[in-house]
Every structure is written in structure tokens, then in C-alpha cells.
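Remarks on the structure that follows.
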Amino acid sequence: MLTENEIQNFSREIAGLLSNEKDVELLQPLSAIEEKITAVITVNMEEERRINTACDKIMDQYAREIERGSVDPHQMFLMIKKKLAKEKGFVL
């Protein structure tokens with residue numbers, strides 16, 4: 045996951061790229077656009093964190109199978125995460 049500082053830097057970079065596009069007209073000050081991008085990324089990352097937590101809880105139910113090696117934990121986590129994300133309408 046990205047740190048708050050990384051999110052802000054990423055948002056600043058995206059807003060800067062948008063402001064340099066000749067076909068894009070900014071209707072808000074650049075700082076307001078940066079703040080909105082930061083907010084959207086932050087909300088998105090929080091939702092992904094919640095999905096990861098739900099995945100971990102489901103994975104705990106399959107701890108024995110994982111320990112026996114009958115299930116690849118990484119593949120299982122990804123499958124569960126995709127399914128939960130799809131159910132929530134969340135794009136990974």
C-alpha cells in the first residue's frame with residue numbers, strides 16, 4: 045500500500061499531467077484537483093484494505109489445507125480477493 049506522502053506525490057503528478065494536456069480544461073484550481081485525486085485514491089486504498097482483511101479471515105478457515113500444501117495460499121488469496129471485489133463492484 046502507498047503511504048500518505050506517496051499518494052500526495054502521485055496525485056500531484058497526475059494533476060500536473062492533466063494541466064499540461066492541451067485538450068483538458070481545468071475547472072478548478074490545481075490544488076483542488078490534487079486534493080480530489082488524493083481523496084479518491086485514499087478511499088480506493090481503504091476499500092482494498094477492507095477486502096484484504098476479509099480475504100485474510102476467509103483464508104483462516106482454510107489454514108489446515110494450506111498447511112498440508114493442498115492449497116496454494118497466494119493463488120487462493122487472489123481468487124478470494126477477485127471474488128470479493130467483484131461482489132462489491134470494486135475494480136482491482
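Residue 67 in the numbering used here is what sits at position 23 of the sequence shown, and the numbering runs on without skipping anything. Note that beta-carbon positions come from the ideal geometry of N, C-alpha and C, so glycine has one too.
Have a look at residue i and residue j and give me their C-alpha separation to the nearest angstrom.
i, j, result
"E78", "I58", "8 Å"
"R112", "E69", "58 Å"
"T47", "V84", "14 Å"
"E50", "A129", "24 Å"
Check residue i in the structure and name its three-state DSSP category.
i, result
"F121", "helix"
"T47", "coil"
"Q105", "helix"
Which whole-angstrom value describes the C-beta separation of residue i and residue j, a residue pair presumed to lie in contact below a C-beta threshold of 8 Å?
i, j, result
"P117", "I124", "Between I124 and P117 the Cβ distance is about 10 Å, and since that is not below 8 Å, they are no contact."
"M103", "M45", "Contact doesn't hold; Cβ gap of about 18 Å is too wide."
"K127", "L136", "So it is not a contact: roughly 11 Å between Cβ atoms."
Return yes when the Cβ of residue j is within less than 8 Å of the Cβ of residue i, no when it is not.
i, j, result
"F121", "E91", "no"
"T82", "S63", "no"
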